[in-house]
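In this note's numbering, the protein residues as written are -5 to 120.
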């Protein structure tokens, strides 16, 4: 075997190895969801100019692959319910804060004990 042929075989092997690694990484990452965790939630009444409403702050962290998720927030006051949702995108190991505003309810300080909210996260596949 000539020296040129040996170099050709080595370069071909390296190229195939890189191609296989790329294909495996692409295939394995396809369909993988981000792992988004709710770190903190906080809700309070808020004065929006001429009317009271309610604000819910949500802090999220992604411990998985980068990707998108839908964040849903429900606010309940007595028998009434209001919902908000937002599609968010987080990189791996990234944390972000989001704010959800509810202008419909007129909730005052004396009624806060009757108010509750729920936050849900639905990761999306790539």
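Positions of the beta carbon are idealized from the N, C-alpha and C atoms, including for glycine.
Local Cβ density within 10 Å of residue 9, reported as buried at 16 or more and exposed below that: Burial call: exposed.
Cβ-based burial, residue -2 [other Cβ within 10 Å; buried from 16]: Residue burial annotation: residue -2 is exposed, with fewer than 16 other C-beta atoms found within 10 angstroms of its C-beta.
Three-state class that DSSP yields for residue 164 in the structure shown: Because the chain in this structure spans residues -5 to 120, residue 164 falls outside the shown range and cannot be described.
Proximity below 7 Å, CB of residue 78 to CB of residue 94: Yes.
Residue closest to residue 88, alpha-carbon to alpha-carbon, out of 51, 98, 33: It is 33.
Burial state of residue 12, where buried means 16 or more other Cβ atoms lie within 10 Å: It counts as exposed.
Whole-angstrom distance between residue 46 and residue 30, CA atom to CA atom: So the alpha carbons of these two residues sit roughly 31 Å apart.
Limits of the unbroken beta strand (DSSP E) element including residue 45: Counting along the chain, the unbroken beta strand (DSSP E) around residue 45 starts and ends at 45 to 56.
Selected residue, minimal CA-CA separation from residue 81, among 70, 64, 90, 44: Its Cα nearest to that of residue 81, the residue 64 stands out among 70, 64, 90, 44.
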